[in-house]
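>
In the numbering used here, the protein residues as written are 456 to 514.
1. Measure the alpha-carbon distance for residue 465 versus residue 477 and round it to whole angstroms.
2. Using only CA atoms, which one of 488, 456, 462 and 458 lies nearest to residue 499?
3. Nearest-angstrom Cα distance between residue 481 and residue 458?
4. With DSSP collapsed to three states, give me the class of residue 465.
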């Protein structure tokens, strides 16, 4: 079986990073529950200076 890895970068408006993080904290459990084949779904910040919020998804 092939493994698919998806890496996405979300650009967050200036001043909205904390709000974006809170929203992701709320929806990640819902995503995990509705996508049972997903092995990992890991939101994390990489470059706060550039207002980016990256997440990692492996199926």
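Yeah, the Cβ is synthetic: ideal placement off N, Cα and C, and Gly gets one too. This structure is a prediction, so every number in the text was calculated from the model and none was measured.
Looking at the coordinates:
1. Counted from its first residue, the chain shown places residue 465 at position 10. Counted from its first residue, the chain shown places residue 477 at position 22. If you draw a straight line from the Cα of residue 465 to the Cα of residue 477, it is about 14 Å long.
2. Taking the first residue of the chain shown as 1, we reach residue 499 at position 44. That would be 462, whose Cα lies nearest to the Cα of residue 499.
3. Taking the first residue of the chain shown as position 1, residue 481 is located at position 26. Taking the first residue of the chain shown as position 1, residue 458 is located at position 3. About 26 Å.
4. In the chain shown, the residue the question calls residue 465 occupies position 10. Reduced to three states, the DSSP call for residue 465 is strand.
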